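Asker: Position 245, counted from 1, in the sequence shown is what numbering that gives the first Met the number 0 calls 244; the numbers after and before it change by one each time, with no gaps.
Starting off with a structure, shown below.
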Amino acid sequence: MNLKSLTLPELADIFKELGQPAFRAKQVYTWLHKGVRSYEQMTNLPKELRELLERQYPICPPEAVRRQESRRDGTIKYLWRLSDGNCVETVLMRYHYGNTVCISTEVGCRMGCAFCASTLGGLVRRLEPQEMLDQVLFTQVDSGLPVSHIVLMGIGEPLDNFDNVLRFLELVNSPEGMNISMRHISLSTCGLVPKIDALAERKLQLTLSVSLHAPNDEIRNRIMPVNKAYPMEQLLEACRRYYQATSRRISFEYAMIRGVNDSQDNARELLERMKGLPAHFNLIPLNHVEESPLQPSTRGAVAAFQKTLEDGGIPATVRRTLGGDIDASCGQLRRNYTRQTEKREP
0 MNLKSLTLPE LADIFKELGQ PAFRAKQVYT WLHKGVRSYE QMTNLPKELR
50 ELLERQYPIC PPEAVRRQES RRDGTIKYLW RLSDGNCVET VLMRYHYGNT
100 VCISTEVGCR MGCAFCASTL GGLVRRLEPQ EMLDQVLFTQ VDSGLPVSHI
150 VLMGIGEPLD NFDNVLRFLE LVNSPEGMNI SMRHISLSTC GLVPKIDALA
200 ERKLQLTLSV SLHAPNDEIR NRIMPVNKAY PMEQLLEACR RYYQATSRRI
250 SFEYAMIRGV NDSQDNAREL LERMKGLPAH FNLIPLNHVE ESPLQPSTRG
300 AVAAFQKTLE DGGIPATVRR TLGGDIDASC GQLRRNYTRQ TEKREP
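Next up, the structure:
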């Protein structure tokens, strides 16, 4: 058991079983959520208790095996090695409203999207709640920059790791912990309809971000295998139910892919499909992935697509490209590191 995956009441139960006073649980909870790497740093705990906790509940912090900082915009990308040797990526992005951390929710991904480097090796395993929390904590500690916003858009499909992600959200939102508001958290999904409905039932005030990337089933089937299980009409109906349950406008991600989904006909078809659904579109210039033949749209095509959506009443922004000089595309840093490691092994 990792104590960092427990809520404060759950931690209090552990300390009660250990014969410790209740206030010790809050002390340890506060230390853990500051990003300490060992119990030795918990200086207000008795030495005997620190030694007991170290034996029974090791903290197992991640190790930063790669750290890349962009000279262009200050974006920092981390490759963390977990306690079992697997690696995940985390990105710190600086905006005028605060610092945002993009975290991974799985080691690898099984969704198979054609434009994504994260899915090339398939799914290895799902992350535990504390492994997601550690990405936020230790990015903040290492960078020295306070984190105010979180996006679950790194390696993995968050709703494919539903229970652990919900526990992470509870922990990072805890007033005794990092106390990051749900309204400052965005969760991205490629479109797992049953899980979108399950999330809607929780009525969390986070931003749901749906990776749409196509105006119709024919194109989406080609680039996103999940669409064969949950076609666009099912997905958009789930989005409407989500909006009705939460009153939260949905953000749609749309990777602009040259000659695939970026024509004016595509934009007009998208407008027709989105009728009656309050939405905002993030148009994303495609990041190049070495193993993929897909290419980013031209600036002119992106601008024309944006104008068509906005003229049709749908707000659309072009996402600013950050960290383009540091393996910016999600999954690339992990994949490059894995390749190098494999080459060194006999």
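All C-beta atoms in this analysis are idealised placements derived from N, C-alpha and C, irrespective of residue type, glycine included.
Please read these numbers as outputs of a predicted model, since none were measured by experiment.
On the criterion of 16 or more Cβ atoms from any shown chain inside 10 Å, does K3 qualify as buried, or is it exposed?
Answerer: Buried is the call here.
Asker: So which of T99, C101, V100, A116 has the shortest CA-CA distance to G349?
Answerer: Nothing about residue 349 can be read from this structure; the chain reaches only from 0 to 345.
Asker: List the DSSP bridge partners of R248.
Answerer: Paired residues: none, contrary to the question.
Asker: Below 8 Å on the Cβ atoms is my guess for S210 versus T245; work out the distance and round it to an integer in Å.
Answerer: With 8 Å as the limit, S210 and T245 do not qualify as a contact, their Cβ atoms being about 19 Å apart.
Asker: CB-CB under 6 Å to M152, same chain, minus the five flanking residues each way: which ones, in chain order?
Answerer: C101, S187, listed in sequence order.
Asker: Hey, I195 and I149 are a contact pair by Cβ (cut 8 Å); roughly how many whole angstroms apart?
Answerer: In fact, because the Cβ distance is near 19 Å, the residues do not count as touching under 8 Å.
Asker: Can you name, in chain order, every residue of its own chain whose Cβ lies under 8 Å from the Cβ of L191, other than the five neighbours on each side?
Answerer: So the list reads E156, L158, D159, V225, Y229, once near-sequence residues are dropped.
Asker: Along the alpha helix (DSSP H) that carries G97, what are the first and last residues, could you check?
Answerer: It is not in any alpha helix (DSSP H) - G97 instead sits in the beta strand (DSSP E) that spans 97-101.
Asker: Is the separation between the beta-carbon of L293 and that of F167 shorter than 8 Å?
Answerer: Contact flag unset, no.
Asker: Note the first and the last residue of the continuous alpha helix (DSSP H) segment covering T29.
Answerer: That run of the alpha helix (DSSP H) goes 21-31.
Asker: Which of helix, strand or coil does DSSP assign to T206?
Answerer: T206: strand per DSSP, three-state reduction.
Asker: Helix, strand or coil for H279, going by three-state DSSP, please let me know.
Answerer: H279: strand per DSSP, three-state reduction.
Asker: Whole angstroms are fine: how far does the CA of L132 sit from the CA of V171?
Answerer: Going by the C-alpha atoms only, they are around 7 Å apart.
Asker: According to the neighbour-count rule (16 or more other Cβ atoms, all chains shown, within 10 Å of its Cβ), is E88 buried or exposed?
Answerer: Flag for E88 reads buried.
Asker: Going by beta carbon distance, what residues of the same chain come within less than 8 Å of N85, once the five residues before and after it are set aside?
Answerer: Contacts found: V106, V123, R124.
Asker: Give me the Cα-Cα distance between R318 and R272, rounded to the nearest whole angstrom.
Answerer: Answer to the nearest angstrom: the Cα atoms are 22 Å apart.
Asker: Can you tell me the Cβ-Cβ gap for L136 and H279, rounded? I've got them flagged as a contact below 8 Å.
Answerer: No, L136 and H279 are not in contact; Cβ-Cβ is about 30 Å, not under 8 Å.
Asker: Can you tell me whether F22 is buried or exposed, with buried defined as 16 or more other CB within 10 angstroms of its CB?
Answerer: With fewer than 16 other Cβ atoms within 10 Å, it is exposed.
Asker: Compute the Euclidean distance between the alpha carbons of A213 and I283, then round it to the nearest angstrom.
Answerer: Near 12 Å, if we compare the C-alpha coordinates of I283 and A213.
Asker: Use the C-beta contact count for D261: other C-beta atoms within 10 angstroms, 16 or more gives buried, fewer gives exposed.
Answerer: Flag for D261 reads buried.
Asker: With distances taken between CB atoms, is the gap from I184 to L198 smaller than 8 Å?
Answerer: Their beta carbons are not under 8 Å apart, which means I184 does not touch L198 by this criterion.
Asker: Terminal residues of the continuous beta strand (DSSP E) containing T320?
Answerer: Per DSSP, T320 belongs to no beta strand (DSSP E) and is neither H nor E.
Asker: Among the residues of its own chain, which have a CB less than 8 Å from the CB of Y241, if the five just before and after it don't count?
Answerer: Within the same chain, Y241 has close Cβ partners I195, D196, L198, A199, L207, R247, I249.
Asker: Smallest Cα separation from V301: which of R182, L144, R257?
Answerer: Comparing Cα positions, the closest option is R257.
Asker: Cα separation between L51 and T29?
Answerer: For L51 and T29, the distance between alpha carbons rounds to 18 Å.
Asker: Check this for me: beta carbons of N98 and P145, under 8 Å apart or not?
Answerer: Yes; because the gap between Cβ atoms is below 8 Å, this pair is in contact.
Asker: Hey, would you say N81 sits closer than 8 Å to P61, going by beta carbons?
Answerer: Inspection of the sequence shows that residue 81 is occupied by Leu rather than by Asn. Yes. Within cutoff.
Asker: Can a CB atom of chain D be found closer than 8 Å to the CB of V90?
Answerer: This model lacks chain D altogether; it includes just one protein chain.
Asker: Identify whether S142 lies in helix, strand or coil by the three-state DSSP scheme.
Answerer: The answer is helix: DSSP assigns S142 an H, G or I state.
Asker: From M0, K25, I13, F304, pick the residue whose C-alpha is nearest to that of G176; which is it?
Answerer: Ranking the options by Cα distance to G176, first place goes to K25.
Asker: Taking Cβ to Cβ, would you say L308 is nearer than 8 Å to L276?
Answerer: Cβ distance not < 8 Å, so L308 and L276 don't count as in contact.
Asker: Name the residue from N1, S37, C112 whose alpha carbon lies nearest to the alpha carbon of E290.
Answerer: Nearest option by C-alpha distance: C112.
Asker: Based on Cα-Cα distance, which residue from L235, D141, I58 lies nearest to R364?
Answerer: Because residue 364 is not part of the residues shown, which for the chain are 0 to 345, the question remains open.
Asker: In whole angstroms, what is the alpha-carbon distance linking T6 and D12?
Answerer: Looking at the two C-alpha atoms, the distance is approximately 10 Å.
Asker: Please report the distance separating the alpha-carbon of C59 from that of R36.
Answerer: Spanning the two alpha carbons is a distance of roughly 8 Å.
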